[in-house]
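>
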Amino acid sequence: MRSRYQRGAALMGLPFVVGALVLVVAPAVVTAGYAFTTYDGLSPATFNGLGTFRDVLADPELHNSLRSTGWFLLLAVPLRIVGGLLLALLADGSSRLAGATRVSVFAPSVIPDPATALIWLWVVNPLYGPLGAVLRLTGGTPGPVLIDTWGARLTIVALSVFALGEGFLVTLAARRELPESLYDAARVEGARPLARFRRITLPLLAPVLLLLTARDVLVSMTNALVPTLLLTRGGPLDATKTLPLLVYERGFREGDLGEGAALAVLTLLLGVAAFVVALLALRAVRRWSLRR
Amino acid sequence: MSAGVAVHQLSFGYGKDGRSAVSEVDLSVAAGEVLAVVGPSGSGKSTLLRLVNGLLTPTAGSVHVGGRDVTRASPEARPVAMVFQGYALFPHLDVAANIGFGLAVRKAPRSERRRRVLEVADRLQLSDLLHRLPGELSGGERQRVALARALLRDPVVFCLDEPLSALDPVLRTAARRDLEQLLRTDGRCALYVTHDQSEAMTLGDRVALLRDGRVEQVGTPRELYDTPATTFVAAFVGTHPMALLPVGSLGLNAAAGVATVGVRAEHVELVPGTEALVTAVDDLGHEQVADLEVDGHRLLARLAPGSGLRRGDRTGLRVSRHTGFDAAGQRVA
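The following block contains the structure:
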């Protein structure tokens with residue numbers, strides 16, 4: 001017999017279960033199904049087997065997109081994690097500076113993505129933006145940033161790095177859990193700030209940082225859509241056409257829903273694979289940092 | 001005095017309001033001696049310890065260790081070892097790395113690290129546990145690791161902050177004996193901070209009682225017990241606190257200037273009579289302790305087991321010895 005408690009819990013969980021089924025699981029299944037078809041959204045889908053995947057995998061646009069996404073992850077994820085860690089250490093304390101740091105680091109994370117994109121359009125604008133002004137002051141000549149391959153890529157990275165508030169908060173909370181007595185003990189033994197960071201803070205935060213990294217890889221992969229869509233449209237010359245943007249363009253702008261679905265499935269598989277790799281790394285590091 | 005620890009007019013204030021956590025403390029610990037520092041929480045015990053081990057720099061006064069002025073020296077430059085409350089073992093490092101942490105930080109050669117870690121581990125019977133993590137050790141084992149880490153520094157003085165508080169009562173007695181033995185060997189000395197007066201009395205060769213950052217009294221446990229300098233000491237020291245009664249009660253005749261008399265439980269003798277009401281009797285096995293009420297004042301009496309006294313009984317009493325304190329709480333000779 002099920003207890004009242006269990007029934008209550010099931011009842012409360014119901015909206016979420018229904019929501020997840022209707023909004024996530026069902027569309028995912030349908031999408032996965034379309035990935036094996038040719039479908040333009042108007043005429044009925046025709047089964048194509050693995051043909052759609054074969055086409056997509058041979059598509060140079062996918063290869064280019066993998067490169068763009070790879071660069072983005074390679075630059076943005078470490079910067080977000082290391083930045084979050086350094087800012088968390090700076091913000092850990094009761095000084096006025098620490099308090100100001102906490103607020104100003106988290107603030108960009110609550111600004112909606114489109115607004116952030118507009119801010120960055122202004123920042124890198126060669127005529128009116130602060131970046132151009134700084135360049136002029138230092139004797140440089142500001143040029144249009146977003147039509148340069150690396151200018152555009154770095155702008156997207158910068159935008160995502162400024163929204164590192166969540167990782168920052170988690171790192172800060174984890175840092176505060178470390179007992180001060182460990183730092184006293186290390187100081188008594190002669191450990192200077194850098195040694196205390198390397199021998200205590202870093203190994204004890206390593207599990208949290210790796211989990212954040214795993215999550216960040218997954219999240220950044222999907223979050224790369226909005227800024228690239230609003231800021232660069234994937235340009236110049238597809239230099240910032242990340243996987244989610246490619247999925248969107250192929251499926252909805254070019255109307256090839258079959259290939260779009262196949263690309264979405266590939267994106268998901270890649271994300272999961274990256275997450276699993278990061279989790280394996282987490283286990284390895286945990287074992288290493290515990291046993292040393 | 002032989003070269004142990006000496007602090008002179010040591011003061012330290014926290015915060016902007018200049019509130020002192022330790023003020024004008026004079027204490028010394030001779031080689032081979034254990035000085036127990038005891039006091040209620042917030043009395044400045046831990047601050048005193050941090051001034052000696054160098055985690056804090058005093059606002060005034062000096063610290064000498066091993067005959068050397070270390071007032072402004074960094075913690076690692078002092079011949080001082082620290083055993084923290086709760087031991088502060090590094091949870092991610094195994095026993096060997098915990099013990100050798102200081103050597104690793106100072107980049108000592110691997111062979112020297114190994115040799116010295118094995119040496120102290122052997123002395124504290126930790127040789128079989130070197131590759132365990134702190135989380136896999138018992139409380140007693142953790143204490144030995146903390147002691148080994150301290151011993152590796154070859155210190156003049158051990159600073160111990162409530163080293164037994166993390167242990168359960170059964171382990172405590174054994175751990176206390178081990179500790180005693182270790183602290184006194186090789187002419188080292190120890191500053192032992194505790195809030196537990198019975199621990200201070202049994203472990204300390206001498207005891208310093210702190211109150212609001214000042215030394216209330218320092219002396220042998222016997223001196224503190226028999227001749228408390230103030231009413232505060234009288235009430236703090238001893239399993240059964242000294243009963244403090246206004247002069248004139250119980251018909252005790254006291255010297256001039258005495259405002260309060262202190263009476264220890266063992267100096268109360270029960271005689272036939274009715275002036276005292278028995279409000280409670282605790283049977284401790286080897287003795288009984290009776291709570292008595294006389295003229296609205298409370299005092300304790302120690303009785304032989306099987307006294308037959310019960311709550312609600314009335315009895316007479318005779319005080320064989322008492323201590324007099326003046327209106328400010330100071331003992332009157």
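Protein chains in written order, with my numbering: chain A, 1 to 292; chain B, 1 to 333.
Each residue gets a CB set at the ideal place from its N, CA and C atoms; glycine is no exception.
What you are looking at is a predicted structure, and each value in this text was computed from that prediction instead of being measured.
1. Pair every Cβ in the region 84 to 102 of chain B with every Cβ in the region 126 to 138 of chain B, then say whether three or more of these pairs are closer than 8 Å.
2. Are the Cβ atoms of residue 188 (chain B) and residue 32 (chain B) separated by less than 9 Å?
3. Contact check, residue 164 (chain A) vs residue 102 (chain A) under 8 Å by CB: the rounded distance?
4. Can you tell me which residues form a DSSP beta bridge with residue 314 (chain B)?
5. Would you kindly work out how many angstroms separate the C-alpha atoms of residue 298 (chain B) and residue 243 (chain B), rounded to a whole number?
6. So for residue 85 (chain B), helix, strand or coil by DSSP?
7. Does DSSP put residue 167 (chain A) in a helix, in a strand, or in coil?
8. Please classify residue 143 (chain B) as buried or exposed, where buried requires at least 16 other C-beta atoms within 10 Å of its C-beta.
9. Quick one: residues in its chain with C-beta nearer than 6 Å to the C-beta of residue 131 (chain A), no 5 flanking neighbours on either side, listed in chain order?
10. Return the bridge partner residues of residue 297 (chain B) from the DSSP annotation.
11. What span of residues does the beta strand (DSSP E) with residue 63 (chain A) cover, start to end?
12. Residues of chain B with a CB under 9 Å from the CB of residue 204 (chain A): which are they?
13. Specify the secondary structure class of residue 240 (chain B) as computed by DSSP and reduced to three states.
14. Tell me whether the region 151 to 167 of chain B and the region 181 to 196 of chain B touch, counting them as touching only if at least three CB pairs, one residue from each stretch, are closer than 8 Å.
15. Do you know whose CA, among B:216, B:261, B:12 and B:164, lies nearest residue 194 (chain B)'s CA?
16. Which partner residues of residue 79 (chain B) appear in the DSSP bridge assignment?
17. Does the region 184 to 192 of chain A come into contact with the region 70 to 89 of chain B, if we say contact requires no fewer than three beta-carbon pairs (one atom in each stretch) closer than 8 Å?
18. What did DSSP end up calling residue 54 (chain A) once you bin it into helix, strand or coil?
19. For residue 151 (chain B), which residues in the same chain have their Cβ closer than 6 Å to its Cβ, ignoring the five residues on either side in sequence?
20. Does any residue of chain B have a CB that is nearer than 9 Å to the CB of residue 193 (chain A)?
21. Please identify, using Cβ separations under 9 Å, the residues of the region 14 to 44 of chain B that lie next to chain A, in order along the chain.
22. Under a CB-based cut-off of 9 Å, is residue 80 (chain B) close to chain A?
23. Per DSSP, residue 322 (chain B) is paired with what?
24. Could you tell me which of A:178, A:241, A:268 and A:275 sits nearest to residue 217 (chain A), measuring between CA atoms?
25. Compute the Euclidean distance between the alpha carbons of residue 291 (chain B) and residue 209 (chain B), then round it to the nearest angstrom.
26. So which residues on chain A does residue 72 (chain B) lean against when the C-beta distance must stay under 7 Å?
27. Measuring straight from C-alpha to C-alpha, what distance separates residue 301 (chain B) and residue 241 (chain B)?
28. Return the chain-ordered list of same chain residues with a C-beta closer than 7 Å to the C-beta of residue 126 (chain B), the five sequence neighbours on each side being excluded.
29. Ends of the alpha helix (DSSP H) at residue 184 (chain A)?
30. Just curious, the beta strand (DSSP E) that residue 13 (chain B) is in, first and last residue?
31. Mapping the DSSP letters down to three states, classify residue 116 (chain A) as helix, strand or coil.
32. Under three-state DSSP, which class holds residue 194 (chain B)?
33. Check whether the region 202 to 218 of chain A and the region 165 to 184 of chain A touch, using three or more Cβ-Cβ pairs below 8 Å as the test.
34. List, in order along the chain, the chain B residues whose C-beta lies closer than 7 Å to that of residue 98 (chain A)?
35. I'd like to know if the region 68 to 79 of chain A and the region 257 to 264 of chain A are in contact, where contact means that at least 3 CB-CB pairs between them fall below 8 Å.
36. Residue 30 (chain A) CB to nearest chain B CB: under 9 Å?
With the given structure in hand:
1. Contact between the region 84 to 102 of chain B and the region 126 to 138 of chain B is established, with three or more Cβ pairs separated by less than 8 Å.
2. Within the second sequence, residue 188 (chain B) is the residue found at index 188, counting from 1. Within the second sequence, residue 32 (chain B) is the residue found at index 32, counting from 1. Against a cut-off of 9 Å, the Cβ pair of residue 32 (chain B) and residue 188 (chain B) comes out as a contact.
3. Along the first sequence, one-based indexing puts residue 164 (chain A) at 164. Along the first sequence, one-based indexing puts residue 102 (chain A) at 102. Wrong, their Cβ atoms sit about 13 Å apart, outside the cutoff.
4. In the second sequence, residue 314 (chain B) corresponds to position 314, counting from 1. Beta-bridge analysis with DSSP links residue 314 (chain B) to B:277.
5. Within the second sequence, the letter at position 298 stands for residue 298 (chain B). Within the second sequence, the letter at position 243 stands for residue 243 (chain B). C-alpha of residue 298 (chain B) to C-alpha of residue 243 (chain B): approximately 7 Å in a straight line.
6. Within the second sequence, the letter at position 85 stands for residue 85 (chain B). Under the three-state reduction of DSSP, residue 85 (chain B) is assigned to coil, being neither helix nor strand.
7. Taking the first residue of the first sequence as position 1, residue 167 (chain A) is located at position 167. Looking at residue 167 (chain A) - three-state DSSP - the assignment turns out to be helix.
8. As a position in the second sequence, residue 143 (chain B) is number 143, starting the count at 1. By the 10 Å Cβ count, residue 143 (chain B) comes out buried.
9. Taking the first sequence and counting its residues from 1, one reaches residue 131 (chain A) at position 131. If we look at residue 131 (chain A) and ignore the five residues flanking it on each side, its Cβ neighbours are 123 and 124.
10. Translated into positions along the second sequence, residue 297 (chain B) becomes position 297. DSSP lists B:294 as the beta-bridge partner residues of residue 297 (chain B).
11. Taking the first sequence and counting its residues from 1, the one referred to as residue 63 (chain A) is at position 63. Per DSSP, residue 63 (chain A) is not a residue of any beta strand (DSSP E); the alpha helix (DSSP H) it occupies stretches across 60 to 91.
12. Counting from one through the first sequence, the residue named residue 204 (chain A) turns up at place 204. 90, 91 and 92, listed in chain order.
13. In the second sequence, counting from the first residue as 1, residue 240 (chain B) sits at position 240. Reduced to three states, the DSSP call for residue 240 (chain B) is coil.
14. Yes, the region 151 to 167 of chain B touches the region 181 to 196 of chain B.
15. As a position in the second sequence, residue 194 (chain B) is number 194, starting the count at 1. Ranking B:216, B:261, B:12 and B:164 by Cα distance to residue 194 (chain B) puts B:164 first.
16. Locating residue 79 (chain B) in the second sequence gives position 79, counting from the first residue. Answer is none; residue 79 (chain B) lacks a bridge partner.
17. A contact exists between the region 184 to 192 of chain A and the region 70 to 89 of chain B.
18. In the first sequence, the residue the question calls residue 54 (chain A) occupies position 54. Assigned with DSSP and collapsed to three states, residue 54 (chain A) falls in helix.
19. Numbered from 1 along the second sequence, position 151 holds the residue referred to as residue 151 (chain B). Closer than 6 Å at the Cβ level, and outside the excluded window around residue 151 (chain B), lie 120.
20. Residue mapping note: residue 193 (chain A) aligns to position 193 of the first sequence, counting from 1. Not closer than 9 Å to any Cβ of chain B, the Cβ of residue 193 (chain A) fails to qualify, so no.
21. Listed by position along the chain: nothing, the set is empty.
22. If you number the second sequence from 1, residue 80 (chain B) lands on position 80. At least one CB atom of chain A sits nearer than 9 Å to the CB of residue 80 (chain B).
23. Taking the second sequence and counting its residues from 1, the one referred to as residue 322 (chain B) is at position 322. Beta-bridge partners assigned by DSSP to residue 322 (chain B): none are found.
24. Here residue 217 (chain A) refers to the residue found at position 217 of the first sequence. Of the listed residues, the one whose Cα sits closest to residue 217 (chain A) is A:275.
25. As a working note, residue 291 (chain B) is residue 291 in the second sequence. As a working note, residue 209 (chain B) is residue 209 in the second sequence. Their backbone Cα atoms lie some 26 Å apart in a straight line.
26. By 1-based counting over the second sequence, the position of residue 72 (chain B) is 72. The contacting residues do not exist; residue 72 (chain B) stays about 15 Å from chain A at best.
27. On the second sequence, position 301 is the one that residue 301 (chain B) refers to. On the second sequence, position 241 is the one that residue 241 (chain B) refers to. The straight-line gap from Cα to Cα measures roughly 11 Å.
28. The sequence position of residue 126 (chain B) within the second sequence is 126, counting from 1. Taking residue 126 (chain B) as the centre and dropping the five residues before and after it, the same chain places the C-beta of 95, 144, 145 and 148 closer than 7 Å to its C-beta, in chain order.
29. For the purposes of this step, residue 184 (chain A) is taken as residue 184 along the first sequence, with counting starting at 1. Residues 180 to 188.
30. By one-based count along the second sequence, residue 13 (chain B) stands at place 13. Run containing residue 13 (chain B): 5 to 13, per the beta strand (DSSP E) assignment.
31. Residue 116 (chain A) sits at position 116 when you count from the first residue of the first sequence. Residue state, collapsed to three classes: helix.
32. Here residue 194 (chain B) refers to the residue found at position 194 when the second sequence is read from its first residue. Reduced to three states, the DSSP call for residue 194 (chain B) is strand.
33. Enough Cβ pairs lie closer than 8 Å, so yes.
34. Position 98 of the first sequence, counted from the start, is the residue given in the question as residue 98 (chain A). Here the premise fails: no neighbours, minimum Cβ distance about 17 Å.
35. Verdict: no, contact absent.
36. The residue labelled residue 30 (chain A) in the question sits at position 30 within the first sequence. For residue 30 (chain A), no CB of chain B lies under 9 Å from its own CB, so it is not counted at the interface with that chain.
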